[in-house]
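Accompanying notes for the structure given below.
Numbering (the numbering used here), first residue to last: 943 to 1147.
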């Protein structure tokens, strides 16, 4: 995998901040190619300033304590989405879709096809952190959840490098009220009390 960056090139001024930033850039690109457990700390530099005056020879390598799972390329396994009610409780209703299994606590008026439209994971495809972030962003934009948590775990039931995805969403209160009190100026130059009430209906059902 070739990664081009202006942060580290021949003739560029030596800067430790740039080297640290480059490690993050590389780690992000690697994690988007299936190496979910790879971290910037697993990249280290060997610097030698004795070969050429005013120049530093750099070698990028892996840290000695890099764990084995950082070298493994993973694919997406089972995807399960749990939709919890705002007040808790309820009876689970399991629905199989092409984008994962939805476990929705009933009673609920949430449309069954609303959640799968937000999920960008695909079983069997190379696991990407970018996909995980997009899924969380899509769910957040619905504006109906007060908490969204995505948990990634290795699939222990197979010998393949699969990562199972569990998404837990808790619905927000359906109504949100905003009450404001302030002073307003009247046409007779006197100040009087002002009041405004805003009501937001978070109903996408």
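Beta carbons: idealized from backbone N, C-alpha and C, even for Gly.
The structure presented is a predicted model; accordingly, all values stated were derived computationally and were not measured.
Neighbourhood of residue 1088 by C-beta distance below 8 Å, restricted to the same chain and skipping five residues each side:
1028, 1112, 1113, 1114 and 1115
Is it a yes or a no for the region 969-983 touching the region 1004-1023, going by three-plus beta-carbon pairs under 8 Å?
yes
Residue 982 and residue 962: beta carbons closer than 9 Å?
yes
Pair every Cβ in the region 1040-1049 with every Cβ in the region 1077-1095, then say whether three or more of these pairs are closer than 8 Å.
no
How far does the alpha helix (DSSP H) with residue 959 in it extend, from its first residue to its last?
958-973
Residue 1026 bridges to which residues according to DSSP?
1112
From the DSSP output, in three-state form, read off residue 1013 for me.
helix
Judging by CA-CA distance, which residue of 991, 1019 and 1004 is the nearest neighbour of residue 1069?
1019
Please say whether residue 1061 and residue 1023 have beta carbons closer to each other than 9 Å?
yes
By a C-beta neighbour count over all protein chains shown, 10 Å radius and 16 as the cutoff for buried, is residue 1004 buried or exposed?
exposed
Alpha-carbon spacing of residue 1008 relative to residue 1056, whole angstroms:
41 Å
With DSSP as the reference, identify every bridge partner of residue 1107, one or two as the case may be.
1021 and 1094
What span of residues does the alpha helix (DSSP H) with residue 1078 cover, start to end?
1071-1083
Rounded straight-line distance, which links the Cα of residue 965 to that of residue 1002
10 Å
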